[in-house]
Amino acid sequence: MNNPNFLPMPDNNGFFGEYGGQQLPPELKAIMDEINEAYLEVKGTDAFKNELAELMTHFVGRPSPIYHAKNLSKKCGGAQIYLKREDLNHTGAHKINHCLGEALLAKHMGKTKVLAETGAGQHGVALATACSLVGIPCEIHMGEIDVEKEHPNVIRMKILGAKVIPVSRGTRTLKDAVDSAFEAYLQDPVNSLYAIGSVVGPHPFPMMVRDFQSIVGIEAREQFMSMENV
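Here the working numbering is used: the first residue of the sequence shown is 1123, the next is one more, and so on.
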């Protein structure tokens, strides 16, 4: 088994070991570099950190509890299993963690719109919530099939003020919603921000989502040590 690599990641080129980076045409690379520079500048400021921390506490409801699943632990042969209850966050999932961070970044960069895709609607609801909170218009692209299947989430996004764009091409699901959202973003990258919903895509998005979601592990470690008197 390989020893874990504890070197700071990503490197200056956005690589996590052999993975990552930016495979982009020059015009897109300039845009991503601008986002990277803005994020690196703002993430260390007291204003950004304090605003995000306050929202995480008083709006999201963090820290989310950790639960010792005793029955499941017995069922699995004695391994002690703990569950980090991200489902109890406001909006019902972990998605709000990075959506709030991305919405705040967009505000600090002076962006006038945030765009994203969504499949089942959880990312869309979380981003619409975050954008409504910080006062930035939100545009969500969603495949027509998913719009029909997840109609309650579509209603939630609209109530929160988001513009929901049904995508009718291709498979009419998440894959095509991603293409549609990114194409819309490329029409005006100067005034808008594309909010990726996972640790995917070009640098700096994997780093940003990693950073915003790290609160889950930081809390869990402290809670576990407290529960087990470690």
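Just so you know, even glycine gets a beta-carbon here, dropped at the ideal spot from N, CA and C.
Where does the unbroken alpha helix (DSSP H) through L1237 begin, and where does it stop?
Run containing L1237: none in the alpha helix (DSSP H); it sits in the beta strand (DSSP E), K1235 to T1240.
Looking only at its own chain, which residues have a Cβ that is under 7 Å from the Cβ of I1203, when we skip the five neighbours before and after it?
A1191, L1194 and S1195
What first and last residue would you give for the beta strand (DSSP E) that runs through G1265?
C1260 to G1265
V1321 (DSSP reduced to helix, strand or coil):
coil
According to DSSP, is G1110 part of a helix, a strand, or is it coil?
What the structure shows of the chain is the stretch from 1123 to 1352, and residue 1110 is not part of that stretch, so it cannot be assessed.
Can you tell me whether DSSP reads M1123 as helix, strand or coil?
Its pLDDT being 47, under 50, M1123 is placed unreliably by the model, and the measurement read from it follows with that caveat. Of the three classes helix, strand and coil, the one that applies to M1123 here is coil, per DSSP.
Which listed residue (K1235, G1200 and L1255) has its alpha carbon closest to that of H1212
L1255
Cβ-Cβ distance between A1252 and A1225 below 7 Å
yes
What are the uninterrupted segments assigned as alpha helix (DSSP H) that are 4 or more residues long and contained completely in the stretch 1168 to 1219, given in chain order?
1168 to 1177 and 1192 to 1197
N1172 versus G1292 - alpha carbon distance
43 Å
Throw me the rounded Cβ distance for the I1258 and I1287 pair, which I believe falls under 8 Å.
That belief does not hold up - the Cβ atoms of I1258 and I1287 are roughly 17 Å apart, past 8 Å.
Per-residue DSSP class, three states only, for S1314
strand
Limits of the alpha helix (DSSP H) - the one that V1338 falls within:
F1327 to M1349
With DSSP run on the structure shown, which of helix, strand or coil describes G1142?
strand
Evaluate the contact criterion for the stretch 1307 to 1315 versus the stretch 1265 to 1285: three or more CB pairs, one atom per stretch, below 8 Å.
no
Extent of the continuous beta strand (DSSP E) run through P1148:
Counting along the chain, P1148 falls outside any beta strand (DSSP E), though it belongs to the alpha helix (DSSP H) covering P1148 to V1164.
Let me confirm a value: S1186 is counted as buried when at least 16 other C-beta atoms fall within 10 Å, else exposed. Which label applies?
buried
Of the listed residues G1183, A1299 and D1168, nearest to D1268 (C-alpha basis)
A1299
Rounded to whole angstroms, what is the Cα-Cα separation between M1347 and A1284?
41 Å
Could you tell me if A1228 is buried or exposed, where buried requires 16 or more neighbouring beta carbons within 10 angstroms of its beta carbon?
buried
Between the C-alpha atoms of M1123 and G1243, what's the straight-line distance to the nearest angstrom?
Bear in mind that a pLDDT of 47 at M1123, under 50, signals an unreliable position, so the model cannot answer this.
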